[in-house]
Amino acid sequence: MSILLTLFLEFFKMGALTFGGGYAMIPFIEETVLKHGWMTTGELVDFIAISESTPGAFAVNISTYVGSEVGGLLGALCATVGLVLPPFIIIILIAKVYDRFKKNIIVQGAMLGLKSTVVGLIAATVLSVGMEVFFSQGIKTEVFQSANFYVSLGIFAISLFLLLYKKLSPIPVIFLSAAVGIALGYAGVIKV
Amino acid sequence: MKQKLKLCLQLFLTFIKIGAVTFGGGYAMIPIIENEISVKKGWIKDDELLEVVAISETTPGPIAICAATFIGYKIAGVLGAFCATFGVVLPSFIIIFVISLFLRRFEDLEIIKYAFFGIRAGVLALLIKAVISMFKKAPKNIIAYIIMAASFAAVAFFSANVIIVILSAAVIGIAATLIARKAGKEL
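Quick mapping for you: the protein sequence lines, in order, are chains A and B. Sequential numbering from 462 applies to the first sequence in my numbering. Sequential numbering from 178 applies to the second sequence in my numbering.
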């Protein structure tokens with residue numbers, strides 16, 4: 462199958478099957494990019510940071526990025542159009558009957574399942590990203606002797622505190638994490 | 178007809194603006210949509226804005242796309258939906274496409290490697306915050322908790338296919354709701 466068609470179809474599936482937008486899409490995106498070898502988990506995490514620091518919806522950003530990496534400008538177009546098409550069509554179809562649609566018991570039941578599964582799916586992504594951040598060399602005792610591990614742990618803990626208790630928005634947290642990484646890198650504390 | 182085309186052009190330009198200034202996408206976009214569409218242009222009313230959020234949540238796809246399509250359609254039909262959606266996507270498409278041309282070249286720079294080392298740990302915290310906010314929005318009953326736990330275990334420990342997990346969750350949710358309704362109980 463041509464790469465452009467593959468891009469279109471993969472992102473079409475994502476557009477058709479992810480509810481809640483943004484971060485709810487990450488588990489699906491992770492599975493897709495790993496399956497095709499388009500990105501590693503680490504690169505995906507880097508891109509989450511880039512996407513947070515640039516305007517626009519995360520899903521649109523990542524479809525454009527992956528499409529461009531894999532198939533140039535045409536690839537970016539195919540992936541992004543694929544992603545946008547399902548919600549575009551579905552919204553136009555149900556916009557007029559939305560009140561009935563909303564009260565339909567099948568829809569309500571499906572929403573119960575979908576809103577719940579998203580929590581579990583993102584939690585699974587947290588686990589795989591956590592493994593990448595702390596144990597990219599595998600789970601070995603040496604990991605606990607390296608400064609890298611404790612620096613990551615420190616940045617993670619402070620970021621979480623700032624996000625949850627200081628209500629800081631993602632962009633300052635990302636820039637702060639980057640600054641700490643750069644400072645400790647040039648100080649020779651961490652090795653990459 | 179001429180009036181409609183003018184309206185579509187306005188929709189296109191307004192949504193380009195919305196797409197260009199919203200960082201974080203999704204819900205971050207709602208207050209900006211409110212300001213541009215409802216306060217400045219008076220195209221939709223406040224209670225309709227709530228409907229925009231609700232419809233975006235109950236239909237698949239990114240919230241920004243759903244909201245743009247829905248508002249565009251309400252104001253100027255299918256062409257309006259197209260103009261609004263095209264507008265909201267365009268800024269990020271151009272920006273990310275340009276970034277994608279350069280990113281690989283910068284990747285090997287020492288400073289970028291150090292920066293991303295720090296950033297990866299920070300993004301992990303962003304993801305945990307996302308889990309917490311999704312949990313707050315999710316239903317709170319035994320079926321919902323079982324679906325959350327089972328979805329997590331299926332993907333984390335058994336490498337289950339995400340599409341199958343999503344579809345199964347929808348089916349279980351429908352079955353549980355129908356059974357509860359038949360038994361005359363609230364879930």
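Idealized CB from N, CA, C, for every residue including glycine. Quick caveat, the model's predicted, so the values are computed rather than measured.
Taking 9 Å as the upper bound on Cβ-Cβ separation, chain A lies near residues E228, A231, I232, S233, E234, T235, T236, P237, G238, P239, I240, A241, I242, C243 of the region 224-243 of chain B. Looking at the DSSP output, P488 (chain A) sits in no beta bridge, so it has no partner there. Straight through space, the alpha carbons of V229 (chain B) and A510 (chain A) are spaced by roughly 27 Å. For I635 (chain A), the enclosing alpha helix (DSSP H) has its first and last residue at 631-647. Cβ-Cβ separation between A346 (chain B) and S577 (chain A): approximately 6 Å, consistent with a contact (criterion under 8 Å). Cβ-Cβ separation between F549 (chain A) and A258 (chain B): approximately 7 Å, consistent with a contact (criterion under 8 Å). Taking the beta carbon of N565 (chain A) as reference, no residue of chain B falls within 9 Å; the closest one sits roughly 10 Å away. Those residues of the region 332-343 of chain B placed with their C-beta closer than 8 Å to a C-beta in chain A are V332, A333, N338, V339, I340, V342, I343, ordered along the chain. Classified as exposed, Y626 (chain A) has fewer than 16 neighbouring CB atoms from the shown chains inside 10 Å of its CB. Nearest C-alpha to V531 (chain A) among A:I464, A:L629, A:A608, A:E491: A:I464. Within the region 473-484 of chain A, the residues whose Cβ lies closer than 8 Å to any Cβ of chain B are, in chain order, K474, G476, A477, L478, T479, F480, G481, G482, G483, Y484.
For a Cβ distance threshold of 9 Å, residue set F294, G295, R297, A298, L301 of chain B lies close to S613 (chain A), ordered along the chain.
If you keep only unbroken alpha helix (DSSP H) runs of at least 4 residues inside the region 181-269 of chain B, you get 206-210, 223-235. The beta-carbon of M178 (chain B) is placed no less than 9 Å from the nearest beta-carbon of chain A. Cα atoms of S269 (chain B) and L355 (chain B): separation of roughly 42 Å, rounded to the nearest angstrom. Along the region 254-266 of chain B, going in chain order, the ones with a CB nearer than 7 Å to a CB of chain A are V255, A258, T262, V266. Going by C-alpha positions, M486 (chain A) is about 6 Å away from T479 (chain A).
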